[in-house]
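Listed in order, the protein sequences are those of chains A and B.
For the first sequence, full-length UniProt numbering gives the first residue as 1, with consecutive numbering after it.
For the second sequence, full-length UniProt numbering gives the first residue as 1, with consecutive numbering after it.
Just so it is clear, CB atoms sit at the ideal spot from N, CA and C, and this is done for glycine as well.
Computed from a predicted structure; not experimentally measured.
First the structure, in the form of structure tokens, and then the observations on it.
There are 2 protein chains.
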Amino acid sequence: MAFQRNGAALAARIDAPSLPLDTILLGDCIAELEKLPAASVDLVFADPPYNLQLQGDLRRPDQSLVDAVDDAWDQFESFQAYDAFTRAWLLAVRRVLKPTGTLWVIGSYHNIFRVGASLQDLGYWILNDVVWRKTNPMPNFRGRRFTNAHETMIWASRGADAKGYTFNYEALKAGNEDLQPRSDWLFPICSGAERLKGLDGRKAHPTQKPEALLARVLLSASKPGDVVLDPFFGSGTTGAVAKRLGRHFIGVERDRDYAAAATARIAAVVPESEESIAQAPAKREAARVAFATVVERGLVPPGTRLTDERGRHEAIVRADGTLGFGAVIGSIHRIGAIVQGREACNGWTFWHVAEGRTLKPIDAFRDVIRAEGALAG
Amino acid sequence: MAFQRNGAALAARIDAPSLPLDTILLGDCIAELEKLPAASVDLVFADPPYNLQLQGDLRRPDQSLVDAVDDAWDQFESFQAYDAFTRAWLLAVRRVLKPTGTLWVIGSYHNIFRVGASLQDLGYWILNDVVWRKTNPMPNFRGRRFTNAHETMIWASRGADAKGYTFNYEALKAGNEDLQPRSDWLFPICSGAERLKGLDGRKAHPTQKPEALLARVLLSASKPGDVVLDPFFGSGTTGAVAKRLGRHFIGVERDRDYAAAATARIAAVVPESEESIAQAPAKREAARVAFATVVERGLVPPGTRLTDERGRHEAIVRADGTLGFGAVIGSIHRIGAIVQGREACNGWTFWHVAEGRTLKPIDAFRDVIRAEGALAG
DNA sequence: TCCCGAGATGAATCTCATA
DNA sequence: GTATGAGATTCATCTCGGG
């Protein structure tokens, strides 16, 4: 994997001749990191084990079994053991980071609080926490919690006094309809053709991250020719995106199969042209607005009487954003369907609020909220 | 602040006569919590300080380049103090929480990782982390980081084995376009008329939370008449929303001015009508009806042929309310599972009776009996 | 070739009353 | 305490096969 066409890449090589650029180091992450020269890496992206503590099987409503992450590498005896592991790799990473370098770590509520506290303890300085909102998370099948629809990334510098880290503010802003880049990002999970498959046709790695996520990270906090280290390389998303975007990568992975899959994957990546690397546009989606939000904002207060356009049917707005029709309670759509004796109904256009002598569809209140939420890609 | 019109509220008073319901306790949060009876509170919402007296300590005193180890040690000392404070109030809260009670904590990246790690260490069991995305966050003026556009809430039960916590799944789903509620919420920050002002016209409290956010929390994880405790009461948003939604509150606040402002604020709150607050009974809470009862009433006579929705499988109703599938006899659920070769099955929704040309799920007959029971009760 | 429906699947700490 | 069994529970997206 050569980047000779890139002047910055050549310079990096001369500065740090012993860096194993664009290669995967097969072995334990801490041992391998200790072989690298100090202060040699511009950016670290780490996707450590999450320490999920899963109890039994989980089945979907159709009784099919959820393919859980039950791999040995995600098993820890205790929080203490997990913390010790976390501190060890965070320290090893800190040594190889340049003074201007920054670290990204991704995790879920199972581990991210421990990681965050540990990195603060070790002197890292948090610049942001960034939320990856998933457009298509796995649902909560038992209806006993909120759908776990996001993961958290922590972006940190080596210390409070670390200056000169890379943040491509202007480019990010230009790519975000001239709005400042925010700490909440929206991406689909990795699936379809992008998802690496084994010979058996099954996913090659249980937790492969989407390339779009890594692209946003690298475009935010690194420059072309920079060295990006991933101590938990896995299926090699960091390497694939780094190659595509003209960055160097160093991966550490202890599983031989993952490393082999990543090598083949990265070999197939075609780097973008230098001109196109400057920018990555952000796509915007129409926001879905819940009626509960309309109620919570006080745009349609609880107790309000809704009617259809002709005033034939009516229902009462409840505090939780449902409607009450006599003793029956349900969504604006359900109740709309019930009062008409139909299978389905678009509650947004069916239900109206009296405003003076006229009736206003509740759909109108959505626009108010959408106007606010337009900021939030 | 009386809730005499509410039967549940009266009962709560009788059950726990020493609970200072709907009042603000002026004093140190830990000392005040220790005066409350154990296992007496249904829900805790906590918005703890993250700068406290520690702010100077949390930051590096000078910008000089110090040895990294010394640097880490300095920070560890001050983080340690914050952690001690955090553990103390988390422990005090844990004592007053009912076994079925849950805790919400809100914070930003400055403190939330420490809070999350501490509460895991103390045995709390995280149910979700929930992200409050702000429609209108304060911009990042220097353009050196992402706009900090969210805060994080942690929702936790007392322990991994704590069952029976309140989660109003069906109501939340009905209020969200009939989609299950997600872990990312979108609300504006508290501003305008909702923002409490002092006599000088300036904001009365620096971190007043929006009522819509608290409303979502209370509607998600509490029932009418529940006791909601806020150990860092501040401007009293928790109390105002609790009163509006027919929940009791207990606030602890050590600042006399904040407590006074909160008292006045809450006195002006008009509770919602009982109808708009009353909860629809969740399906899992509905009265159980045995299939034998359905058969005994003749709603589905013995000998009836049941099929699945597609007519692929069939079974015969027996007089005792079991099903026969060839020589195999069992409950509607067991036989439903067996004919499909599955572990489990909800026989109520799986099995259908022919009615004219259409198929009707046997679940429909349960409603008939429940309706009778409602009349009797 | 295109359309449609059925099936599969994703970092998941996923029940509860009764005996 | 534990064991048992009733019965409640999913959204967006991609793949594949048949018409």
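Residue from A:46, A:298, A:162 with nearest C-alpha to residue 125 of chain A: A:162
Nearest candidate by alpha-carbon position, reference residue 321 of chain A, set B:130, B:85, B:170, B:99: Minimum Cα distance to residue 321 of chain A is reached at B:170.
Figure out for me which residue from A:315, A:156, A:148 has the closest Cα to the Cα of residue 127 of chain B. The closest CA to that of residue 127 of chain B, considering only A:315, A:156, A:148, is found on A:148.
Which residues share a DSSP beta bridge with residue 185 of chain B? B:132
Whole-Å CB distance - residue 227 of chain B paired with residue 19 of chain B, under 8 Å assumed: 7 Å
Residue 213 of chain A: first and last residue of the uninterrupted alpha helix (DSSP H) it sits in: From DSSP, the alpha helix (DSSP H) with residue 213 of chain A extends over 211-221.
Whether residue 387 of chain A touches residue 333 of chain A by CB criterion (8 Å): Within the shown structure, residues of chain A are numbered from 1 to 377, placing residue 387 of chain A beyond reach of any answer.
To which residues of the same chain is residue 104 of chain B closer than 6 Å at the C-beta, ignoring the five residues directly before and after it? 45, 153, 155, 217
Does any C-beta atom of chain B lie closer than 8 Å to the C-beta of residue 82 of chain A? It does not: the Cβ of residue 82 of chain A has no partner Cβ on chain B nearer than 8 Å.
My assumption, with CB atoms under 8 Å, is that residue 235 of chain A sits in contact with residue 262 of chain A. Please give the rounded CB distance. 6 Å
Which word fits residue 32 of chain B, buried or exposed, when buried means at least 16 other C-beta atoms lie within 10 angstroms of its C-beta? buried
Residue 212 of chain A classed as buried or exposed, judged by whether at least 16 other C-beta atoms fall within 10 angstroms: buried
Can you tell me which of A:85, A:94, A:330, A:203 puts its alpha carbon nearest to the alpha carbon of residue 387 of chain A? Because chain A in this structure spans residues 1 to 377, residue 387 of chain A falls outside the shown range and cannot be described.
If you follow the alpha helix (DSSP H) that residue 265 of chain B is part of, which residue opens it and which one closes it? 256-267
Taking 8 Å as the CB-CB limit, is residue 180 of chain B close to chain A? yes
Residue-level contact to chain A via CB, residue 250 of chain B, 8 Å cutoff: no
Excluding the five sequence neighbours on either side, which residues of its own chain have a C-beta within less than 6 Å of the C-beta of residue 372 of chain B, listed in chain order? none
On a CA-only basis, which of B:353, B:309, B:118, B:241 is nearest residue 265 of chain B? Give me that one, please. B:241
Cβ pair residue 233 of chain A, residue 24 of chain A closer than 8 Å: Cβ distance < 8 Å, so residue 233 of chain A and residue 24 of chain A count as in contact.
Assigned exposure category for residue 357 of chain B - 16 Cβ within 10 Å defines buried: exposed
Is there at least one Cβ from chain A nearer than 8 Å to residue 143 of chain B's Cβ? yes
Please say whether residue 315 of chain A and residue 335 of chain A have beta carbons closer to each other than 8 Å? yes
To which residues of the same chain is residue 120 of chain A closer than 8 Å at the C-beta, ignoring the five residues directly before and after it? 126
Of all the options B:302, B:187, B:276, which has the alpha carbon lying nearest to the alpha carbon of residue 302 of chain A? B:276
Report yes or no: is there a C-beta of chain B within less than 8 Å of the C-beta of residue 322 of chain A? Interface annotation, residue 322 of chain A: in contact with chain B, CB-CB separation under 8 Å.
Amino acids of chain B, ordered along the chain, whose beta-carbon sits closer than 8 Å to that of residue 333 of chain A: Near residue 333 of chain A (Cβ distances below 8 Å), the residues of chain B are 177, 178.
Mind listing the chain B neighbours of residue 291 of chain A? Cutoff is C-beta to C-beta under 7 Å, in chain order. 175
Could you name the residues of the same chain whose beta carbon sits closer than 8 Å to that of residue 359 of chain A, not counting the 5 residues immediately before and after it, in chain order? These residues qualify, in order along the chain: 307, 309, 311, 352, 353.
Spatially closest choice to residue 365 of chain A from A:295, A:61, A:135, A:113, by CA coordinates: A:295
Just to confirm before moving on: does the CB-CB distance between residue 318 of chain A and residue 324 of chain A stay below 8 Å? Yes.
Which ranges would you report for the beta strand (DSSP E) in the segment 142-166 of chain B if only whole runs of at least 3 residues count? Counting only runs of 3 or more, we get 150-157.
My output table needs one value for residue 347 of chain B: the three-state DSSP class, helix, strand or coil. helix
For residue 315 of chain A, which residues does DSSP report across the bridge? A:306
Identify the continuous alpha helix (DSSP H) that holds residue 239 of chain B and give its terminal residues. 237-244
Within a Cβ cutoff of 7 Å, which residues of the same chain sit near residue 70 of chain B, ignoring the five residues on either side of it in sequence? Its pLDDT being 41, under 50, residue 70 of chain B is placed unreliably in this model, and the coordinates cannot settle the point.
In the DSSP assignment, what residue or residues form a beta bridge with residue 46 of chain A? Answer by DSSP bridge pairing, in chain order: A:105.
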